[in-house]
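A quick write-up on the structure given underneath.
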Amino acid sequence: MPGPRPRTARNALIVAALMLGALALGAQMFSGGFTARPGMEPYVKAGPRTGAERLERDLQAAHPPGSNLGPLAEQLRQYGFQCEAVRQDSVAESCRFRARRSDDQVLTATADLRHDGLVVQAIAIRMALSAN
Numbered sequence: 036m037p038g039p040r041p042r043t044a045r046n047a048l049i050v051a052a053l054m055l056g057a058l059a060l061g062a063q064m065f066s067g068g069f070t071a072r073p074g075m076e077p078y079v080k081a082g083p084r085t086g087a088e089r090l091e092r093d094l095q096a097a098h099p100p101g102s103n104l105g106p107l108a109e110q111l112r113q114y115g116f117q118c119e120a121v122r123q124d125s126v127a128e129s130c131r132f133r134a135r136r137s138d139d140q141v142l143t144a145t146a147d148l149r150h151d152g153l154v155v156q157a158i159a160i161r162m163a164l165s166a167n
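Counting in the numbering used here, the sequence shown runs from 36 upward without gaps.
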């Protein structure tokens, strides 16, 4: 009787690794999760109301009134927000973030920033879920 082939165990391990990789890829593609950058994931996963409250709280803690506007703007850009500069007094600058889910739902987050061009005065966050 011939003995086992020398590469059988290695081939079985390769096949098992490929199957696990395909399973992980399929789970990621069909999980129905939102497409969000890593920094925004916890806020998006928390849902519109709770996510907005947490994001506003965390941003206000990191960038309190009187702090420099630059780091806040940079953090929002890293999260995936797109900001439109507003140069009118008493008008808040709006930054928008959108995350799409595979079931055609879109989460939109809006960060309203009050500032004087250099210093943060106030931060307000709103989130809404809508069908696309």
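Positions of the beta carbon are idealized from the N, C-alpha and C atoms, including for glycine. From a predicted model like this one, the values you see are computed outputs, not experimental measurements.
Neighbour-count burial assignment, residue i, 16 or more Cβ in a 10 Å radius
i    : result
M75  : buried
V155 : buried
G67  : With a pLDDT of 47 at G67, under the threshold of 50, the modelled position of this residue cannot be trusted; read the value that follows with caution. G67 should be labelled exposed.
M54  : exposed
G19  : The requested residue 19 is not part of the displayed model; the chain covers only 36 to 167.
G101 : exposed
DSSP-derived helix/strand/coil call for residue i
i    : result
E119 : coil
L142 : strand
R84  : helix
N103 : strand
L164 : strand
R133 : strand
D151 : coil
Between the CA atoms of residue j and residue i - distance to the nearest angstrom
i    : j    : result
L104 : G152 : 7 Å
A21  : R42  : Nothing can be reported for residue 21: it is not among the residues displayed for the chain, which extend from 36 to 167.
A157 : G82  : 23 Å
A97  : N167 : 33 Å
D93  : Y78  : 10 Å
Option nearest residue i by Cα separation, candidates the options
i    : options                : result
S137 : V50, T70, R45          : T70
E128 : G115, D147, Q113, Y114 : D147
L142 : R149, M162, R89, H150  : M162
E119 : R72, P77, R149, K80    : R149
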